[in-house]
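Each remark here refers to the structure printed beneath this line.
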Amino acid sequence: MLQQGGLRSARLCILIIGLTGCACVPSGPAQRVERVSVGDAAFGVRSSPEDAEAARQVERVLPRAVHAAARWGKLSVPVLVTIHPTHRDLEVAARREGHAWLRAWARYASVDLQSPRTWSSGSASDAEMTALLSHELTHCVMYQLAASEQTWSRRAIPLWFREGMAGVAAGQEYGWVSPEAIRRHYLEMGSPGGGSRWRRTRSPRRDLSIDRTRTWSTRRPPAPFASCSIGTGRSPSAGSWPE
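Heads up: the sequence shown runs through residues 12 to 254, numbered per this note's numbering.
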(Lines of atoms letter the chains of each structure in order from A and count residues from 1; the text may use other names and numbers.)
(Lines give C-alpha, C1' and ligand atoms only; values in the text may rest on other atoms or scores of the structure.)
Protein backbone atom coordinates (compact mmCIF):
# COMPACT_ATOMS: atom_id res chain seq x y z
CA MET A 1 0.00 0.00 0.00
CA LEU A 2 1.28 3.49 -0.85
CA GLN A 3 1.89 5.72 2.16
CA GLN A 4 0.44 9.24 2.17
CA GLY A 5 3.54 10.93 0.70
CA GLY A 6 3.83 8.33 -2.04
CA LEU A 7 0.13 8.61 -2.80
CA ARG A 8 0.37 12.39 -3.21
CA SER A 9 3.35 11.96 -5.53
CA ALA A 10 1.50 9.38 -7.60
CA ARG A 11 -1.58 11.59 -7.87
CA LEU A 12 0.60 14.50 -8.97
CA CYS A 13 2.18 12.35 -11.68
CA ILE A 14 -1.27 11.32 -12.91
CA LEU A 15 -2.39 14.96 -12.91
CA ILE A 16 0.63 16.06 -14.95
CA ILE A 17 0.21 13.23 -17.45
CA GLY A 18 -3.51 13.95 -17.78
CA LEU A 19 -2.91 17.63 -18.53
CA THR A 20 -0.05 17.09 -20.97
CA GLY A 21 -2.34 16.66 -23.96
CA CYS A 22 -4.82 19.44 -23.21
CA ALA A 23 -5.08 23.13 -24.07
CA CYS A 24 -3.55 24.28 -20.79
CA VAL A 25 -0.05 23.22 -21.88
CA PRO A 26 1.99 26.31 -22.83
CA SER A 27 3.14 26.66 -26.43
CA GLY A 28 6.80 26.63 -27.42
CA PRO A 29 9.77 24.54 -26.20
CA ALA A 30 9.53 21.41 -24.08
CA GLN A 31 8.17 21.93 -20.58
CA ARG A 32 9.93 21.20 -17.32
CA VAL A 33 7.99 20.17 -14.22
CA GLU A 34 9.47 20.55 -10.75
CA ARG A 35 7.84 18.76 -7.84
CA VAL A 36 7.48 20.84 -4.69
CA SER A 37 6.13 19.91 -1.25
CA VAL A 38 4.95 22.44 1.31
CA GLY A 39 3.97 20.57 4.44
CA ASP A 40 1.20 18.17 3.42
CA ALA A 41 0.53 20.00 0.15
CA ALA A 42 2.08 18.75 -3.10
CA PHE A 43 2.71 20.82 -6.21
CA GLY A 44 4.09 20.59 -9.69
CA VAL A 45 5.52 23.79 -11.21
CA ARG A 46 5.56 23.59 -15.00
CA SER A 47 7.37 26.13 -17.17
CA SER A 48 9.26 26.71 -20.40
CA PRO A 49 13.04 27.28 -20.35
CA GLU A 50 12.59 31.04 -20.79
CA ASP A 51 10.50 31.15 -17.63
CA ALA A 52 12.94 29.31 -15.39
CA GLU A 53 13.32 32.40 -13.19
CA ALA A 54 9.55 32.73 -12.83
CA ALA A 55 9.38 29.06 -11.83
CA ARG A 56 12.04 29.63 -9.17
CA GLN A 57 10.08 32.59 -7.87
CA VAL A 58 6.89 30.54 -7.67
CA GLU A 59 8.72 27.81 -5.76
CA ARG A 60 10.27 30.41 -3.45
CA VAL A 61 6.99 32.05 -2.43
CA LEU A 62 4.80 28.92 -2.36
CA PRO A 63 5.26 28.33 1.40
CA ARG A 64 3.88 31.79 2.19
CA ALA A 65 1.03 31.42 -0.28
CA VAL A 66 0.08 28.01 1.09
CA HIS A 67 0.14 29.38 4.62
CA ALA A 68 -2.22 32.19 3.61
CA ALA A 69 -4.66 29.84 1.87
CA ALA A 70 -4.51 27.33 4.73
CA ARG A 71 -6.54 29.61 7.00
CA TRP A 72 -9.58 28.20 5.14
CA GLY A 73 -8.49 24.56 4.90
CA LYS A 74 -5.97 22.12 3.48
CA LEU A 75 -5.12 21.25 -0.10
CA SER A 76 -6.00 17.58 -0.13
CA VAL A 77 -5.20 17.10 -3.84
CA PRO A 78 -1.88 18.00 -5.54
CA VAL A 79 -1.95 21.24 -7.54
CA LEU A 80 -0.18 21.81 -10.85
CA VAL A 81 1.00 25.41 -11.37
CA THR A 82 1.59 26.14 -15.06
CA ILE A 83 3.47 29.28 -16.11
CA HIS A 84 2.31 30.45 -19.53
CA PRO A 85 4.72 32.52 -21.66
CA THR A 86 2.08 34.90 -23.04
CA HIS A 87 -1.25 36.39 -22.04
CA ARG A 88 -2.87 34.70 -25.03
CA ASP A 89 -1.68 31.30 -23.78
CA LEU A 90 -3.24 32.02 -20.40
CA GLU A 91 -6.57 33.03 -21.93
CA VAL A 92 -6.64 29.83 -23.99
CA ALA A 93 -5.87 27.71 -20.92
CA ALA A 94 -8.47 29.50 -18.81
CA ARG A 95 -11.00 29.55 -21.67
CA ARG A 96 -11.49 33.26 -20.96
CA GLU A 97 -10.82 35.27 -24.11
CA GLY A 98 -10.72 39.06 -24.09
CA HIS A 99 -9.82 39.33 -20.40
CA ALA A 100 -6.91 41.77 -20.53
CA TRP A 101 -6.85 42.01 -16.72
CA LEU A 102 -6.32 38.28 -16.19
CA ARG A 103 -3.02 37.20 -14.64
CA ALA A 104 -3.95 33.77 -13.27
CA TRP A 105 -6.80 31.26 -13.20
CA ALA A 106 -7.51 28.49 -10.70
CA ARG A 107 -9.39 25.22 -10.96
CA TYR A 108 -9.82 22.27 -8.63
CA ALA A 109 -6.23 21.02 -8.93
CA SER A 110 -4.47 23.55 -11.14
CA VAL A 111 -3.38 27.17 -11.34
CA ASP A 112 -2.57 28.74 -14.71
CA LEU A 113 -0.32 31.78 -14.46
CA GLN A 114 0.89 34.33 -17.01
CA SER A 115 4.66 34.70 -16.82
CA PRO A 116 5.51 37.94 -14.98
CA ARG A 117 8.03 38.80 -17.70
CA THR A 118 5.06 39.44 -20.02
CA TRP A 119 3.10 41.55 -17.53
CA SER A 120 2.89 45.25 -18.34
CA SER A 121 5.43 45.89 -15.58
CA GLY A 122 7.80 43.26 -16.98
CA SER A 123 8.19 41.52 -13.63
CA ALA A 124 6.56 40.73 -10.29
CA SER A 125 7.93 41.28 -6.82
CA ASP A 126 7.87 38.37 -4.40
CA ALA A 127 5.08 40.15 -2.52
CA GLU A 128 2.98 40.44 -5.68
CA MET A 129 3.55 36.79 -6.60
CA THR A 130 2.74 35.70 -3.05
CA ALA A 131 -0.55 37.62 -3.14
CA LEU A 132 -1.46 36.22 -6.54
CA LEU A 133 -0.74 32.61 -5.57
CA SER A 134 -2.45 33.03 -2.18
CA HIS A 135 -5.56 34.21 -4.03
CA GLU A 136 -5.56 31.36 -6.54
CA LEU A 137 -4.68 28.62 -4.05
CA THR A 138 -7.56 29.77 -1.86
CA HIS A 139 -9.82 29.04 -4.82
CA CYS A 140 -8.29 25.54 -5.02
CA VAL A 141 -8.87 25.00 -1.30
CA MET A 142 -12.50 26.09 -1.65
CA TYR A 143 -13.18 23.84 -4.63
CA GLN A 144 -11.49 20.83 -3.00
CA LEU A 145 -13.45 21.29 0.22
CA ALA A 146 -16.78 21.92 -1.51
CA ALA A 147 -16.88 19.06 -4.00
CA SER A 148 -15.04 16.34 -5.85
CA GLU A 149 -12.88 16.74 -8.93
CA GLN A 150 -15.87 15.64 -11.03
CA THR A 151 -18.46 17.95 -9.47
CA TRP A 152 -16.67 21.12 -8.29
CA SER A 153 -17.47 23.14 -11.42
CA ARG A 154 -21.20 22.57 -10.88
CA ARG A 155 -21.26 23.96 -7.36
CA ALA A 156 -23.03 27.34 -7.39
CA ILE A 157 -20.70 29.17 -5.01
CA PRO A 158 -21.55 32.90 -5.23
CA LEU A 159 -19.03 35.04 -7.08
CA TRP A 160 -18.80 37.58 -4.26
CA PHE A 161 -17.91 34.82 -1.79
CA ARG A 162 -15.37 33.09 -4.05
CA GLU A 163 -13.49 36.27 -4.84
CA GLY A 164 -13.95 37.87 -1.44
CA MET A 165 -12.59 34.84 0.39
CA ALA A 166 -9.59 34.66 -1.93
CA GLY A 167 -8.99 38.40 -1.63
CA VAL A 168 -9.01 38.23 2.17
CA ALA A 169 -6.50 35.37 2.16
CA ALA A 170 -4.23 37.31 -0.19
CA GLY A 171 -4.46 40.52 1.83
CA GLN A 172 -6.15 42.30 -1.07
CA GLU A 173 -8.32 44.43 1.18
CA TYR A 174 -11.22 46.39 -0.23
CA GLY A 175 -11.89 48.42 2.92
CA TRP A 176 -12.50 51.63 1.00
CA VAL A 177 -15.79 50.15 -0.23
CA SER A 178 -18.36 50.73 2.50
CA PRO A 179 -21.09 48.24 3.42
CA GLU A 180 -23.63 50.86 2.32
CA ALA A 181 -22.03 51.05 -1.15
CA ILE A 182 -22.28 47.28 -1.43
CA ARG A 183 -25.91 47.38 -0.30
CA ARG A 184 -26.76 50.00 -2.94
CA HIS A 185 -24.98 47.96 -5.60
CA TYR A 186 -27.05 44.85 -4.91
CA LEU A 187 -30.27 46.80 -4.58
CA GLU A 188 -29.65 48.26 -8.04
CA MET A 189 -28.80 44.84 -9.46
CA GLY A 190 -31.59 42.97 -7.71
CA SER A 191 -31.16 40.23 -5.15
CA PRO A 192 -28.32 37.79 -5.92
CA GLY A 193 -30.47 35.16 -4.27
CA GLY A 194 -32.84 35.20 -7.17
CA GLY A 195 -34.92 38.16 -8.52
CA SER A 196 -35.73 38.42 -12.19
CA ARG A 197 -33.86 41.70 -12.45
CA TRP A 198 -30.70 40.04 -11.22
CA ARG A 199 -30.97 37.32 -13.81
CA ARG A 200 -31.49 39.83 -16.61
CA THR A 201 -28.44 41.93 -15.79
CA ARG A 202 -24.90 41.23 -16.81
CA SER A 203 -22.56 39.47 -14.45
CA PRO A 204 -21.11 41.99 -11.95
CA ARG A 205 -17.69 40.65 -12.82
CA ARG A 206 -18.03 41.89 -16.39
CA ASP A 207 -18.55 45.44 -15.14
CA LEU A 208 -15.17 45.50 -13.42
CA SER A 209 -11.68 46.10 -14.70
CA ILE A 210 -9.74 43.58 -12.67
CA ASP A 211 -6.04 43.00 -12.09
CA ARG A 212 -5.78 40.64 -9.15
CA THR A 213 -2.17 41.62 -8.49
CA ARG A 214 -2.67 45.38 -8.27
CA THR A 215 -5.16 48.06 -7.24
CA TRP A 216 -8.68 48.21 -8.59
CA SER A 217 -9.41 50.39 -11.59
CA THR A 218 -13.16 50.78 -11.84
CA ARG A 219 -15.81 53.45 -11.53
CA ARG A 220 -18.18 51.07 -9.80
CA PRO A 221 -17.44 49.76 -6.30
CA PRO A 222 -16.25 46.14 -6.63
CA ALA A 223 -19.19 44.96 -4.56
CA PRO A 224 -19.01 41.24 -5.36
CA PHE A 225 -15.37 41.18 -4.31
CA ALA A 226 -15.62 43.52 -1.33
CA SER A 227 -18.62 41.84 0.30
CA CYS A 228 -16.76 38.87 1.69
CA SER A 229 -13.77 41.02 2.62
CA ILE A 230 -15.96 43.15 4.85
CA GLY A 231 -18.09 40.21 6.02
CA THR A 232 -15.05 38.23 7.10
CA GLY A 233 -13.98 41.00 9.45
CA ARG A 234 -17.42 41.52 10.96
CA SER A 235 -20.85 40.11 10.26
CA PRO A 236 -23.37 42.50 8.69
CA SER A 237 -26.12 43.68 11.00
CA ALA A 238 -29.58 42.21 10.66
CA GLY A 239 -31.52 43.66 7.78
CA SER A 240 -28.48 45.29 6.17
CA TRP A 241 -28.62 43.18 3.01
CA PRO A 242 -31.29 43.05 0.32
CA GLU A 243 -33.70 40.17 0.70
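A virtual CB, placed ideally from N, CA and C, is assigned to each residue, including glycine.
Legend entry - Coil, strand or helix - Asp137 by DSSP: helix
Legend entry - C-beta contact flag for Ser126 and Ala76 at 7 Å: no
Legend entry - Same chain only: Cβ atoms within 6 Å of Tyr154, ignoring 5 sequence neighbours per side: Tyr119, Trp163
Inset, instruction - Kindly indicate which three-state DSSP category Thr97 falls into: helix, strand or coil? - result: coil
Legend entry - Validate contact between the region 48-67 and the region 82-91 using beta carbons, cut 8 Å, 3 pairs: yes
Inset, instruction - Please specify which runs of the alpha helix (DSSP H), each continuous and at least 4 residues long, are wholly inside the region 49-129, giving them in chain order. - result: 63-80, 98-105
Inset, instruction - Report yes if the C-beta distance between Val152 and Ala80 is below 7 Å; otherwise report no. - result: yes
Legend entry - Beta-ladder partner(s) of Arg43, from DSSP: Ser58
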